[in-house]
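These notes are about the structure you will find just below.
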Amino acid sequence: MSNAPATTTTNYTYNCTNEGSGGCTCAGHTISNGIKVSDSVYTFDTTAQDSDCTYKLEGTTPANLIDLDEGSALVDPKYATFQGAAPLKVTGAVGMSLNTILVMLSKDVCTTTVTTTSNYSLSAALGTVTSAVRYDSISGDAANDSNKILVTHSTNQGVGQYTAVVGTGMQESDCATAISSLALNRTASFAGFGGIVDDIGDGEIFNDPFSDGSSFAFAFEHGGKIWLGPNDNNTGVVRLDADGSNPTLVSLSILTAQAPGTFTGFGLNLLRPGTVASAGGTARRYTLTPGTDLSKFTNGTAKFYVTDCTSATNNIGTAVTTTTINDAGDYVEGDSGVAPDTGVPGGCNVRLYSQDGPATNRMDGVDSFVKARVGGQDYLMFGAHNEGGAGFNELYFTQDQDDLLNLSYCNISTITLGNEISLQTIYGDGTRLFIGFAASSNAPKLGYLTGLTNAASPCTGLTNQIISAPGNAANRLPTIGGSAGNGSTYIGIDTIVEFNDGTNRLYAANNGGVTYTATIPPILTTAWTNAFTDGTTMGGATTFSGTTQSIPSTNKLRPGEKGIPFMVPFTNSTPTTHLYMARNKTDNTAELWRCSSTCSTATNWNKILDTAETGNANNTDISMVTVSKNYLYVGFDNNTDGAEVYRSTNGDAFTKVGNSGFGGSAASRLKNKQILSNAQVLYNGKYYLYITIGCVSDFSDQGACDRNGTVGETNFAIKVFRQVD
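Everything in the sequence shown is counted per my numbering, starting at 190 for the first residue and increasing by one.
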């Protein structure tokens, strides 16, 4: 932004938003002393803050707040909110030379703790910290630089993104008040002085972006920024500037009709392999992967299911309240109502969940997190998980884009049934919002709404009139639903998309195939028709051969676990617009199909690419199909060599991008097995494609995600890579 007006306090209003709540009083709050940190980050001094207050800083003279690149005035959102009296935290870092970093904090810091070199942890490639000084000792500007630290390290910076972490020993200027204990609040990333990450072959831009070992994160663009999350605890998300700078931990404040007050998370849900062992003849014990963090389940009432054991007698098909959850030994143990182990020990899948703690009642996880446009407005939407509850009652959303997401809700209980477990699919077409539920019986469910209203009110235009048949539910969609020929154990809606190929149609797809309707939105008399399913003859007399894979559970899923995870339009340079579809099969192969006209007809679809044609027989599922700039990108999971990415300008010929497993050392690349999500954003004339990568399919020793192969690995945190076009 133009720096002078951005630091001018009269261009803003500053106040609190929750007067009368707790001990919050809004009178007399002002800001002063605007200081530039960078061209996109500015700090202000405030009058004394109250921890009970939520404060709002709003640009009230947007014509004066000008974008440096485009010369345009500030647009919505023009405000940010934050909780008062927040603890000391890191606000950013920047490379000053090949071996120095300037670290910025939210408050002035104690000189004694600044000069203690053990208070800093840098990326290993930067060597050791050799010295650290408070920056005002160099600049002579105590008013502006007492909250900055110049850190010197032994090894020169190169091309790439680095991380600086300030230790918990850092203190405010009173030399008594400690920095925030949250790791992300003490962490900053910065581009090396030798250059920046421009493609996935340069290595990751972030390793463990939550700084808590989270192994999964959805990614998308919202408000010109990249959003990742939620973390494994379902309590926070990370927001990045489009160029990867200013990573910020964003917390949640959730309203619900199920319980009074607000909540900071969505509960806990974990799926891990387990091995059965006898526990003294009175209960059955399931030992999990070494290093599994069970501490989050040790408070309150946790429950678990067990499936897929070698001996069926070890399966527990209904939720069991546990009497023992041992984080040190990594096991869960059933109560006396569970018979002792009478079968041979064997590989099991143990699903733990808990609705206790800082969570909305009945929710124990988040299975989708997206940006969706409905009624002409963009929203952040959370698709919750309800393993052990009595059904879905609420849809959670917000239009906030600041450091505290205040989530509201609307009532959706009129369209849900008792067996809905997971809101896995959320798709907004700009006017309507379609929501797809997964379940294990008579599934799935598909509803839509035309608007959102806050707190307790039903969602505007909410209906489940999806098909003209008894029940009006998606379980009756041809071959898609459990009541219409789909016999899979778990069924959801993998993909929902609108596409106009001469006629605007709504498509829905899963392991049963693809079905469509030209009636949008669907009404009670809507008829849906199969476009194709397994065994159908496609274009060029090619058969839709083999079996499309079904989803393995009703948990949070990566794209490679879905049968038809993507249907994406792409316009090539001709220009011709095609609809591309990814198909994953039960034989661990995958295919990319496309059509351009009358996509409701099977003979208009042709296979463009499959795993065999990539030249790497170890490629399995398609886990990314997306468009960035003029490229169509396709990504494949690969548990042997690391995930691979290909791209095309015409949608016919594809070229590999980077290495197998992306960038970094050969050993590091082998750990990057599965693509979890991706997001694109246009910024300053460049297209940024962000990809989250990791491995979440099998954390057992020497399993698909084992990074050592001989002993149990405990670090399965995601990485974030970037391609700049």
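Glycine residues also receive a C-beta, built at the ideal position from the N, C-alpha and C atoms.
Tell me whether the beta-carbon of residue i lies closer than 7 Å to the beta-carbon of residue j.
| i | j | result |
| --- | --- | --- |
| D776 | G735 | yes |
| V151 | G384 | Any answer about residue 151 is impossible in this case: the structure gives the chain only from 190 up to 914. |
| G454 | A314 | no |
| L246 | A269 | yes |
| H342 | N458 | no |
| Y231 | T196 | yes |
| V559 | I615 | yes |
| T903 | G463 | no |
| V885 | F271 | no |
| I682 | P754 | no |
| N839 | N761 | yes |
| S400 | T376 | yes |
| L695 | I709 | yes |
| V524 | G489 | In the sequence under discussion, the amino acid at residue 524 is Asp, which differs from the Val named in the question. No. |
Between residue i and residue j, what straight-line distance do the alpha-carbon atoms span, to the nearest angstrom?
| i | j | result |
| --- | --- | --- |
| V816 | Y822 | 6 Å |
| T725 | P748 | 23 Å |
| G640 | C648 | 6 Å |
| M770 | K751 | 12 Å |
| C535 | Q588 | For the record, residue 535 in the displayed sequence is Gly; it is not Cys. When rounded, the distance between both Cα atoms is 47 Å. |
| C213 | G450 | 16 Å |
| L339 | I740 | 51 Å |
| N222 | D330 | 13 Å |
| K278 | K296 | 8 Å |
| G284 | T352 | 11 Å |
| T704 | T790 | 10 Å |
| S629 | A508 | 14 Å |
| N808 | F851 | 14 Å |
| C788 | T620 | 22 Å |
| A252 | V264 | 9 Å |
| T513 | L477 | 13 Å |
| R858 | S849 | 7 Å |
| A380 | Q350 | 5 Å |
| D432 | V465 | 48 Å |
| S500 | C537 | 9 Å |
| Q590 | S229 | 15 Å |
| E393 | A673 | 45 Å |
| E687 | D887 | 34 Å |
| D516 | S611 | 27 Å |
| A372 | D556 | 24 Å |
Name the two residues that bound the continuous alpha helix (DSSP H) containing residue i.
| i | result |
| --- | --- |
| N828 | Run containing N828: none; DSSP gives neither H nor E here. |
| R858 | 855 to 858 |
| N192 | 192 to 195 |
Please classify residue i: does DSSP put it in a helix, a strand, or coil?
| i | result |
| --- | --- |
| I682 | coil |
| Y885 | Contrary to the premise, residue 885 reads as Val rather than Tyr in this sequence. In this structure, V885 counts as coil in the three-state DSSP scheme. |
| A252 | helix |
| A697 | strand |
| I368 | strand |
| S837 | strand |
| E208 | coil |
| R911 | strand |
| G702 | strand |
| E802 | helix |
| S286 | strand |
| A275 | coil |
| T243 | strand |
| N848 | coil |
In the DSSP assignment, the beta strand (DSSP E) including residue i goes from what residue to what residue?
| i | result |
| --- | --- |
| V226 | 220 to 227 |
| T863 | The question names Thr, but residue 863 is Gln in the sequence shown. Start and end: 863 to 872. |
| Q350 | 350 to 355 |
| N719 | 718 to 721 |
| N515 | 513 to 515 |
| D234 | 230 to 235 |
| S817 | 811 to 817 |
| M359 | Unbroken run through M359: none, as it is neither H nor E. |
| L339 | 337 to 342 |
| Q272 | 268 to 272 |
Verify the CB distance criterion: does residue i have a CB-CB separation below 7 Å to chain C?
| i | result |
| --- | --- |
| T366 | Looking for chain C here will not work: only one protein chain is present. |
Can you give, in chain order, each stretch of the alpha helix (DSSP H) that sits fully within the region 738 to 792 and has at least 4 residues? none
At 3 residues or longer, what runs of the beta strand (DSSP E) sit wholly inside the region 606 to 636? 611 to 617, 622 to 627
At 3 residues or longer, what runs of the beta strand (DSSP E) sit wholly inside the region 420 to 508? 425 to 429, 437 to 444, 457 to 468, 472 to 477, 491 to 496
Segments assigned beta strand (DSSP E), at least 3 residues, entirely inside the region 288 to 330: 289 to 294, 309 to 311, 318 to 323
Whole beta strand (DSSP E) elements within the region 362 to 412, 3-residue minimum: 376 to 380, 407 to 411
Any chance you could list the beta strand (DSSP E) runs of at least 3 consecutive residues sitting entirely within the region 518 to 602, in chain order? 520 to 522, 536 to 543, 555 to 563, 566 to 573, 583 to 587, 593 to 600
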